[in-house]
Structure formats: structure tokens, C-alpha cells
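K.L.:
I am attaching a structure below and will ask some questions about it afterwards.
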Amino acid sequence: MFILGLTGSVGMGKSVTARFFAEAGVPVHDADAAVHRVYEGLAVPAIDAAFPGTITDGKVDRTKLSARVLGDAAALKRLEAIVHPLVRESEQQLLADAERRGEKVAVLDIPLLFETGGDRRVDAVVVVSAPPEVQQVIAAANAIVGKPYRYGGGHGKWEDSGYDCSGSESYALHGADLIDRPMDSTEFMSWGEPGEGTWITSYANSGHSFLVVAGLRFDTGYNNSTSSGPKWSTEMRPTGSYTARHPEGL
206 MFILGLTGSV GMGKSVTARF FAEAGVPVHD ADAAVHRVYE GLAVPAIDAA
256 FPGTITDGKV DRTKLSARVL GDAAALKRLE AIVHPLVRES EQQLLADAER
306 RGEKVAVLDI PLLFETGGDR RVDAVVVVSA PPEVQQVIAA ANAIVGKPYR
356 YGGGHGKWED SGYDCSGSES YALHGADLID RPMDSTEFMS WGEPGEGTWI
406 TSYANSGHSF LVVAGLRFDT GYNNSTSSGP KWSTEMRPTG SYTARHPEGL
């Protein structure tokens, strides 16, 4: 079985690339997702023993744990000694299952593939890249994910307590200096160049707007969530009633 390593920096579209492989039926092991799983199960006892007070409701509290290891190389090493073997077990299980099924290819999605020596256990590596502006838009959008929806939010000032749809889109695009002031959804209907972009597309009508960046939708609605603030989704929404525009060259 051919093992393909997948890596790339934050904001490069690595998650979207992994999803394309998965949708094509290729087994994909997501190292980040595996860490989340062990933080909710297998790693909890060992982390509780090594870092008392970092467990909440039977799961690792990532904020508390980060505060304990940030800037402490020895503490980070102790954490990695707990987590990395469990993630490798998960990886090996996926590969073994794929081998038994007769799969021809499997993908290992590893953020720090070269830094951790992961390249030595794959047959080839795909490094996902994206233009700087795309990375900056994604980074800005990530900064407000989790903020609540607030009508008019993000229009009076960039840093706000909540954001509406066009306020969220404005904040993300401003992160790459693609706009210099907050815009409403009607304005986005005539912003930039007509049609869908290669990397970034704004979809807008008179009542709503959202972005699609590197294949992921950044939106305040149409999400499988109890909250309606800005967030990312792999699920597209119908666009028939929207005007598609994109920044020049993207």
C-alpha cells in the first residue's frame, strides 16, 4: 500500500485537501483530530497525573493545559511523551485496517510532518501551499471564530464583541488588506471582480453574505451548530440567489 504524507502550514488549505482525498474514498488519518480524540479519552488519566487541574468534565481542558506547557520546554516534552504514542497507535490502526481491506493508497495528514520525522514513514509527501493573502484571510477569520452573532457587529469597529454576516466577512478580508473598511452585504454584491475566484469568493445578496476560502465556507448561518456566530464549514449552501465576486488575482 502506498502511504502519502500530507502537510502544510496554517491557512494553506490542508484540511480541504484531506477532505478531497476522503471524498474520493482514500483512508485519511488526521493527526489533529486524533489528538482531540485522545484528549477526550485515552490520554486523560496520564495528563491528569502529569498536569493536575487540567481536566474538566472528564476531558482535557485545552486552555488550562496550554497555560501549563506554554514556554516550558520540559513540560511540553512530558505532554508529547504522553500524546504522540497514542496518536501513532491510532495511525497504525488506520493503516492496518486499510491494508486488510486491500486499499492501494492511504493518507497521513500530519501538520509537523518533517519536524517530527514523519516523512520517514511515508512513500511520498504532498505539501499544500496557498498565496499569502489566503493565509492572512484564514488567520483573521480564525481570530473571530467562536464570537457570537450580533446584528451590526464588526461595522462600527474591527475588534467587536460579536459579528454579523458581512461584519465577519469584512474582518476576514481586512486581515489581508483586501478591504479598508467594513462593508455590508449589498456592497459586497459589487465588490472586486465578477464571478467565483480561484481561492476566495464572496457570495452576497441584499440580506446576507459569506465567504468561501480555499474550499471552506466562512459564514454565520447554515451551519450544523447551536450557535450562529462566524465559523468554518465544509458544507456549501445554495448560492442561486447570491452574487459571486472575488478579489483580483485570487
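Position 123 of the sequence shown, counting from 1, maps to 328 under our numbering, and the rest follow consecutively. Glycine included, C-beta positions come from ideal geometry on N, C-alpha and C.
For a quick check, are the C-beta atoms of L291 and H234 less than 8 Å apart?
P.N.:
no
K.L.:
Less than 8 Å between the C-beta atoms of V339 and I405, yes or no?
P.N.:
yes
K.L.:
How would you write the range of the beta strand (DSSP E) that E421 sits in, first residue to last?
P.N.:
Correcting the residue identity first, residue 421 is Leu in this sequence and not Glu. First-last of the beta strand (DSSP E) with L421: L421 to D424.
K.L.:
Could you give the distance in angstroms between the alpha-carbon of S446 and the alpha-carbon of L421?
P.N.:
19 Å
K.L.:
Counting only the same chain and skipping the five closest in sequence on each side, list residues whose C-beta sits under 8 Å from that of V265.
P.N.:
Y244, E245, A248, V249, I252 and T259
K.L.:
How long is the line joining the alpha carbons of A301 and R293, rounded to whole angstroms?
P.N.:
Answer to the nearest angstrom: the Cα atoms are 12 Å apart.
K.L.:
Would the beta-carbon of S371 fall within 8 Å of that of D385?
P.N.:
no
K.L.:
Tell me the DSSP bridge mates of A236?
P.N.:
A236 is not bridged to any residue.
K.L.:
Going by beta-carbon coordinates alone, are E453 and G397 separated by less than 8 Å?
P.N.:
yes
K.L.:
Determine, using beta-carbon pairs with one atom in the region 272-283 and one in the region 218-234, whether at least three such pairs fall under 8 Å.
P.N.:
no
K.L.:
Report the CB separation of Y356 from D369 in whole angstroms; it is logged as a contact under 8 Å.
P.N.:
5 Å
K.L.:
Would you kindly report the start and end of the unbroken beta strand (DSSP E) that includes F164?
P.N.:
An answer regarding residue 164 cannot be provided, because it is not within the stretch 206 to 455 covered by the chain.
K.L.:
Please report the straight-line C-alpha distance between G402 and A419, rounded to a whole angstrom.
P.N.:
One C-alpha to the other measures close to 10 Å.
K.L.:
What are the residues that DSSP puts in a beta bridge with R450?
P.N.:
The partner list for R450 (beta bridge, DSSP) reads P399 and S407.
K.L.:
Could you name the residues of the same chain whose beta carbon sits closer than 6 Å to that of L318, not counting the 5 residues immediately before and after it, in chain order?
P.N.:
Leaving aside the five residues that flank L318 on each side, the residues in its chain whose CB is nearer than 6 Å to its CB run, in chain order, G210, T212 and D324.
K.L.:
How many whole angstroms separate the CB atoms of M206 and K309, which I take to be in contact at a CB cut-off of 8 Å?
P.N.:
6 Å
K.L.:
List the DSSP bridge partners of W437.
P.N.:
F423
K.L.:
Beta carbon of V240, beta carbon of A311: below 8 Å?
P.N.:
no
K.L.:
Quick check: the Cα distance between T439 and I208, rounded to an integer number of angstroms?
P.N.:
25 Å
K.L.:
Beta carbon of L416, beta carbon of A377: below 8 Å?
P.N.:
yes
K.L.:
Would I343 pass as a contact of G216 if the rule is Cβ separation under 8 Å?
P.N.:
Here I343 is near G216, since their CB atoms are less than 8 Å apart.
K.L.:
Which residues in the same chain as E374 place their Cβ atom closer than 6 Å to its Cβ, once the five residues preceding and following it in sequence are excluded?
P.N.:
S414 and L416
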